[in-house]
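K.L.:
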Amino acid sequence: MTTCDAPAMARIHVSMSFMVAVRTCGLVPYLEGLELQDQAAREVRGGAIDGVLLAIRHPPVITLGRRTCPGDVFVERWARRAMGVELFHVDRGGGATFHYPGQAVVYPVLNLRRLGLCVPTLLAAIAEAVHEIVAGRGALPGYWDPARPGYYIGGAKVASVGVHVAGDVTTHGVALNVASGYDGFGLIAPCRERGLRVTSLCDCLGIAQDPDEIAVELAQGIQRRIPEKSPRYREVDT
17 MTTCDAPAMA RIHVSMSFMV AVRTCGLVPY LEGLELQDQA AREVRGGAID GVLLAIRHPP
77 VITLGRRTCP GDVFVERWAR RAMGVELFHV DRGGGATFHY PGQAVVYPVL NLRRLGLCVP
137 TLLAAIAEAV HEIVAGRGAL PGYWDPARPG YYIGGAKVAS VGVHVAGDVT THGVALNVAS
197 GYDGFGLIAP CRERGLRVTS LCDCLGIAQD PDEIAVELAQ GIQRRIPEKS PRYREVDT
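Numbering (this note's numbering), first residue to last: 17 to 254.
1. Is the beta carbon of G110 closer than 9 Å to that of R82?
2. Can you tell me the Cα-Cα spacing of P136 and L80, whole angstroms?
3. Within 10 angstroms of the Cβ of H115, are there 16 or more other Cβ atoms? Answer buried if so, exposed if not.
4. Taking T137 as part of the alpha helix (DSSP H), name the residues at either end of that continuous run.
5. Tell me Q225's beta-bridge partners as DSSP assigns them.
6. Just mark L43 as buried or exposed, buried being the case when its beta carbon has 16 or more other beta carbons within 10 Å.
7. Which residues does DSSP pair with G166 in a beta bridge?
8. Are L69 and Y123 touching if we call contact CB-CB under 9 Å?
9. Quick check: G62 and M35, are their CB atoms within less than 9 Å of each other?
If you want it as structure tokens, here you go:
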């Protein structure tokens, strides 16, 4: 069974009624990432925990959301396979996107009802967490566009978001381009936008960044922003 390790001294918010944890997974094949989400969703639905934030990265892979059109993938199957790029149809919203090892991904697997959340609230938490990372590193001014869900710097997309909700539990999430290697976006019409410009945090800053560290930082940023049912909570270290 695929597992994720909790990072040392991970912050887990605990109250009388809920708990949300961050789990660090590192570089994981996409299919195993889906299995990790399913595993976390079973825990959440079973009441063992109210939410899990998976901080993860993937080898090169194209994923196709429910709104993807046949013409949104520009490369033939044989050519894609020769490049070592996998492809999966998934149940999240949105169109096609691309994941690669230099990208920080967070999958919030949350019980919206128990946490008192709704999808717009979760998306707002994700947007604020991404902005905190970008602005905190001195990148060019960026903005979140709810009409074209994602974060943009200078008109180029640096983060994408897409979630799925089933039985009050969310899966899928947000991907932030940290390092180079995002040329695979040229194989698709990202989020059904042909010619969409894409960038990375490293390109904007001109200095290297660690995608694993940023994935954990992003997960913790979302974790801090999850509204609690009760204002009373405490932090414990694991």
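By construction, the Cβ of each residue, glycine as well, lies at the ideal position given by its N, Cα and C atoms.
P.N.:
Inspection of the coordinates gives the following:
1. Yes.
2. For P136 and L80, the distance between alpha carbons rounds to 22 Å.
3. Buried is the call here.
4. Here the alpha helix (DSSP H) through T137 covers V135 to G152.
5. None; Q225 has no bridge partner.
6. Exposed: under 16 other Cβ atoms inside 10 Å.
7. In DSSP, G166 forms a bridge with S176.
8. Closer than 9 Å, so yes.
9. No, the Cβ-Cβ distance between G62 and M35 is not below 9 Å.
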